[in-house]
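2 protein chains.
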Amino acid sequence: MLDDKNPKRTSLEELGEFGLIKHLTKDFTTKQKSTLKGIGDDAAVLDITDKKIVVSTDLLIEGVHFDLSYVPLKHLGYKAVMVNLSDIYAMNAIATQITVSIAVSNRFPLEALEELYSGIALAAKTYNVDLIGGDTTSSTKGMLISITAIGQAKEEDLVYRNGAKPNDLLVVTGDLGAAYMGLQVLEREKEVFKVNPNSNPDLSMYTYVVERQLKPEARKDVVPLLDALGVKPTSMIDISDGLSSEILHLCEESNVGCNLFEDKIPLDPTVISSCEEFKINSTTVALGGGEDYELLFTIDQKEFPKIKGNPNLTVIGHMTDKNEGVHLISRNNTKIPITAQGWNGLSKEEQ
Amino acid sequence: MLDDKNPKRTSLEELGEFGLIKHLTKDFTTKQKSTLKGIGDDAAVLDITDKKIVVSTDLLIEGVHFDLSYVPLKHLGYKAVMVNLSDIYAMNAIATQITVSIAVSNRFPLEALEELYSGIALAAKTYNVDLIGGDTTSSTKGMLISITAIGQAKEEDLVYRNGAKPNDLLVVTGDLGAAYMGLQVLEREKEVFKVNPNSNPDLSMYTYVVERQLKPEARKDVVPLLDALGVKPTSMIDISDGLSSEILHLCEESNVGCNLFEDKIPLDPTVISSCEEFKINSTTVALGGGEDYELLFTIDQKEFPKIKGNPNLTVIGHMTDKNEGVHLISRNNTKIPITAQGWNGLSKEEQ
Chain A
22 MLDDKNPKRT SLEELGEFGL IKHLTKDFTT KQKSTLKGIG DDAAVLDITD
72 KKIVVSTDLL IEGVHFDLSY VPLKHLGYKA VMVNLSDIYA MNAIATQITV
122 SIAVSNRFPL EALEELYSGI ALAAKTYNVD LIGGDTTSST KGMLISITAI
172 GQAKEEDLVY RNGAKPNDLL VVTGDLGAAY MGLQVLEREK EVFKVNPNSN
222 PDLSMYTYVV ERQLKPEARK DVVPLLDALG VKPTSMIDIS DGLSSEILHL
272 CEESNVGCNL FEDKIPLDPT VISSCEEFKI NSTTVALGGG EDYELLFTID
322 QKEFPKIKGN PNLTVIGHMT DKNEGVHLIS RNNTKIPITA QGWNGLSKEE
372 Q
Chain B
22 MLDDKNPKRT SLEELGEFGL IKHLTKDFTT KQKSTLKGIG DDAAVLDITD
72 KKIVVSTDLL IEGVHFDLSY VPLKHLGYKA VMVNLSDIYA MNAIATQITV
122 SIAVSNRFPL EALEELYSGI ALAAKTYNVD LIGGDTTSST KGMLISITAI
172 GQAKEEDLVY RNGAKPNDLL VVTGDLGAAY MGLQVLEREK EVFKVNPNSN
222 PDLSMYTYVV ERQLKPEARK DVVPLLDALG VKPTSMIDIS DGLSSEILHL
272 CEESNVGCNL FEDKIPLDPT VISSCEEFKI NSTTVALGGG EDYELLFTID
322 QKEFPKIKGN PNLTVIGHMT DKNEGVHLIS RNNTKIPITA QGWNGLSKEE
372 Q
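Taken in sequence, the protein lines are chains A and B.
Numbering of the first sequence is given in the numbering used here, commencing with residue 22 and proceeding in unit increments.
Numbering of the second sequence is given in the numbering used here, commencing with residue 22 and proceeding in unit increments.
So this is what it looks like as structure tokens:
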């Protein structure tokens, strides 16, 4: 499970800053017609004259957002791109370019950065985005990755967080909680490894949850899916911090309340079984776990027939008047207020 | 000289991530008509349909790019924006938006971030750019700032690094080496302070060089100046790493050589006097010091009458055939090759 720490080690000083950037980005080519100039000048140049431009940025820091004792660097590069693209898709836009800046301490050899960039390259290729710029520098401690993603959409297609209306349906893509349970499995194995470095754990029964943690996929497919179904959400957000946090954002920005139905929350069987094993409530995990990178959106009730039965989309609640508040309707029909505290208490990720 | 470390200290945990972003950005308003949506959604939305879009990004890290024992946080915020805007101006473009991501350890109270953001706000106001997004997170050690700047220009106005031709004149704005000498003064005073914390140094004679280090100004004025003069450079770059490094970039990208004349390099009298005091060669400082954030560009010889006598612009050399190489012509008329090593040996900034 633990990544091979590279038999070959080339120190970063041997290349110098400009040599390093050139070396890491030499195999990246630009494919978007909107990319006029990528890496290699003071700035990149884009041509997006017929659409609106969408810009999002995220910072990932070793020891805060990722733990290199169990995250392979290639997966980390891939995930760092996903985290950013997810924000672009949450605007109902298409991602087209990224910039990637990294800082690393001297403990990382060149081969480690090549691994990281191979994951970034795979993500860029799979999601059809161009790497157009970035910065590479040394850090006094650890690794950090800062990515800015750029996308485009017609103005009439853009979906903000503030358009939800009372009685709109609340819809989520995919299933929730798996990334958090994957983290629990990985952290447990890290503890086992500390005690017995020769342990060779069988994680095959956890494949789904571990993959959701280590190699999440942003929902690029949902933007054209909604277009094909003829549905434009009234509001949308991506699930990075956890369902409850994102629902609160939509409610606050749209000035509405919400009823979320516990029995509707989509959970993978592996999430349910691992929650039982770890003695954690699966609803708590779905609400507060985060890092699912699914999309959460609202639609007008009259659109329901268009999405009904689609295996990618699950209706999990409906919006209400603001003064009704934001509640989870539990399996035994109890109304439980959803608060940011519920998330703050659980999340280990960000503060 | 050393910054007051704030009598009031509010811990960042009290606010939480969302509270922190809201608090720090609450006084930022957007003014550019191209900013449709700034902070507050998954992504910002821009409308730049009539121009090309220019994107640049830079990372500043405590202990590598700045030393908080003598850099006031407000100045740091201001400088971090300048570093990025300078890249946009080096494309002959106008900067219009920035995203700012920061990571800080728990050692920083809220009041420290407010100081940092007051500098960012001053830079945004002075340079007429909108803050449209960012990320705020904790770090395990120190502070880092990641900024992406976005600008715009008509396609025909854009200037790349690769358009210089043999016989073009090499022109630089302002003067060189002051930021590096400011750093020498500040580092010397830091050592004095360590030995005698009650020392009260008189830095008034170093005002210019210290200000160039702590609060540089990007050359926003040069883009409209060149336009007014009717001059379009054939190539351009900003001086962040030092004159020799930037000349080598222009020569490599444009496939030309260069003769740089030592006696033409513009130096402020304070740079000359502090170089004498520190027993450093002023040409070495201008060539390798960096952080001047001036613009270096080439123009066709026939444009010379248009710039002649302009106090902002100094002709310092001319481009040659590639096979003639890149040389400094010294005051005693010796030809000295300019190499990247000259920069690597001197720079303390980046690797």
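Glycine included, every Cβ here is placed at the ideal spot set by N, Cα and C.
So which residues of chain A does residue i contact, with C-beta pairs closer than 7 Å?
| i | result |
| --- | --- |
| Gly84 (chain B) | Thr161 |
| Thr169 (chain B) | Thr78, Thr120 and Thr169 |
What residues of chain B sit near residue i, judged by a beta carbon separation below 7 Å?
| i | result |
| --- | --- |
| Ser275 (chain A) | Residues of chain B passing the Cβ test: none, with the nearest at roughly 12 Å. |
| Val102 (chain A) | Near Val102 (chain A) there are no residues of chain B at all, since even the closest Cβ is about 15 Å away, more than 7 Å. |
| Ser32 (chain A) | Going along chain B, no residue has its Cβ under 7 Å from Ser32 (chain A), so there is no contact; the nearest lies around 11 Å. |
Would you say the beta carbon of residue i comes nearer than 7 Å to a heavy atom of the ligand MN?
| i | result |
| --- | --- |
| Met226 (chain A) | In the structure shown, the ligand MN is absent, as is every other ligand, since no ligand is present at all. |
Since I believe residue j is in contact with residue i (beta carbons under 8 Å), could you give me their beta-carbon distance rounded to a whole number of angstroms?
| i | j | result |
| --- | --- | --- |
| Gln173 (chain B) | Lys73 (chain B) | 7 Å |
| Leu80 (chain B) | Leu165 (chain B) | 7 Å |
| Ser261 (chain B) | Val76 (chain B) | With a Cβ gap of about 17 Å, Ser261 (chain B) and Val76 (chain B) do not count as contacting. |
| Leu316 (chain B) | Val243 (chain B) | 5 Å |
| Leu250 (chain B) | Ile328 (chain B) | 6 Å |
| Leu271 (chain A) | Ala185 (chain A) | 6 Å |
| Lys211 (chain B) | Ser90 (chain B) | 6 Å |
| Thr288 (chain A) | Ala307 (chain A) | The sequence as given places Leu at residue 288 (chain A); Thr does not occur at that position. Sure, about 6 Å apart at Cβ, within 8 Å. |
| Leu197 (chain A) | Asp313 (chain A) | 5 Å |
| Asp48 (chain B) | Pro187 (chain B) | No, Asp48 (chain B) and Pro187 (chain B) are not in contact; Cβ-Cβ is about 51 Å, not under 8 Å. |
| Leu179 (chain A) | Asn127 (chain A) | At roughly 44 Å, the Cβ-Cβ gap does not stay under 8 Å, so Leu179 (chain A) and Asn127 (chain A) are not in contact. |
| Asn183 (chain A) | Ser256 (chain A) | 6 Å |
| Tyr99 (chain A) | Gly140 (chain A) | 4 Å |
| Leu247 (chain B) | Lys253 (chain B) | 7 Å |
| Leu235 (chain B) | Leu134 (chain B) | Contact flag wrong, Cβ pair sits at about 19 Å. |
| Asp71 (chain A) | Ala170 (chain A) | Incorrect: roughly 20 Å between the Cβ atoms, too far for contact. |
| Ala65 (chain A) | Ile153 (chain A) | 4 Å |
| Asp63 (chain B) | Ile258 (chain A) | 6 Å |
In the DSSP output, what is residue i paired with across the bridge?
| i | result |
| --- | --- |
| Ser167 (chain A) | A:Leu80 and A:Ser122 |
| His339 (chain B) | B:Leu190 and B:Asn280 |
| Val85 (chain A) | Bridge partners of Val85 (chain A): none, in fact. |
| Leu152 (chain B) | B:Ile119 |
| Thr70 (chain B) | Its beta-bridge partners do not exist; DSSP assigns none. |
| Gly61 (chain A) | In DSSP, Gly61 (chain A) forms no bridge with anything. |
| Pro358 (chain A) | A:His348 |
| Val75 (chain B) | A:Val66 and B:Gly172 |
| Ile320 (chain A) | A:Leu190 |
| Ser373 (chain A) | This structure cannot settle anything about residue 373 (chain A), because the visible part of chain A is limited to 22 through 372. |
| Leu250 (chain A) | Paired residues: none, contrary to the question. |
| Thr158 (chain A) | A:Ala124 |
| Leu334 (chain B) | B:Thr194 |
Can you pull the chain A neighbours of residue i, defined as C-beta to C-beta under 8 Å?
| i | result |
| --- | --- |
| Leu349 (chain B) | Within 8 Å Cβ-Cβ: nothing; Leu349 (chain B) doesn't reach chain A, min ~20 Å. |
| Arg182 (chain B) | Gly61, Asp62 and Asp63 |
| Lys58 (chain B) | Tyr181 |
In chain B, which residues lie with their C-beta within 9 Å of the C-beta of residue i?
| i | result |
| --- | --- |
| Ile260 (chain A) | Simply none; closest approach about 11 Å. |
Given that residue i touches chain A, what residues does it touch there, using C-beta distances under 9 Å?
| i | result |
| --- | --- |
| Leu281 (chain B) | Ordered by position in chain A, no residue passes the 9 Å Cβ test against Leu281 (chain B), which lies about 19 Å from the chain. |
| Val66 (chain B) | Lys73, Ile74, Val75, Val76, Met112, Ala114, Ala174, Glu176, Leu179 and Tyr181 |
| Leu165 (chain B) | Leu80, Ile82, Ala124, Ser160, Leu165 and Ser167 |
Determine whether the Cβ of residue i lies closer than 8 Å to any Cβ atom of chain D.
| i | result |
| --- | --- |
| Asp88 (chain A) | The structure shown contains no chain D; the protein chains it does contain are A and B. |
| request: Select from the region 134-162 of chain A all residues with a C-beta closer than 7 Å to any C-beta belonging to chain B, and list them in chain order. | output: Listed in chain order, the positions of the region 134-162 of chain A with a beta carbon within less than 7 Å of a beta carbon of chain B are Ile153, Gly154, Gly155, Asp156, Thr158, Ser159, Ser160, Thr161 and Lys162.
| query | What beta strand (DSSP E) runs, 3 residues minimum, are completely inside the region 256-295 of chain B? | reply | Counting only runs of 3 or more, we get 256-259 and 278-282.
| request: Return the residues of the region 187-205 of chain A that lie within a Cβ-Cβ distance of less than 8 Å from chain B, sorted by chain order. | output: Against chain B - using a Cβ distance shorter than 8 Å - the region 187-205 of chain A contributes no residues.
| Which of the residues in the region 68-100 of chain B, read from start to end, lie with their CB under 9 Å from any CB of chain A? | The residues in question are Asp68, Ile69, Thr70, Asp71, Lys72, Lys73, Ile74, Val75, Val76, Ser77, Thr78, Asp79, Leu80, Leu81, Ile82, Glu83, Gly84, Val85 and His86.
| task | Can you check the region 186-240 of chain B for any beta strand (DSSP E) of at least 3 residues that lies completely inside it and give the ranges in chain order? | result | Taken in chain order, the whole beta strand (DSSP E) runs of length 3 or more contained in the region 186-240 of chain B are 190-194.
| message | Along the region 107-119 of chain A, where does the CB come closer than 9 Å to a CB of chain B? Name the residues. | response | Taking 9 Å as the Cβ-Cβ cut-off against chain B, the residues of the region 107-119 of chain A that qualify are Ser107, Asp108, Ile109, Tyr110, Ala111, Met112, Ala114 and Gln118.
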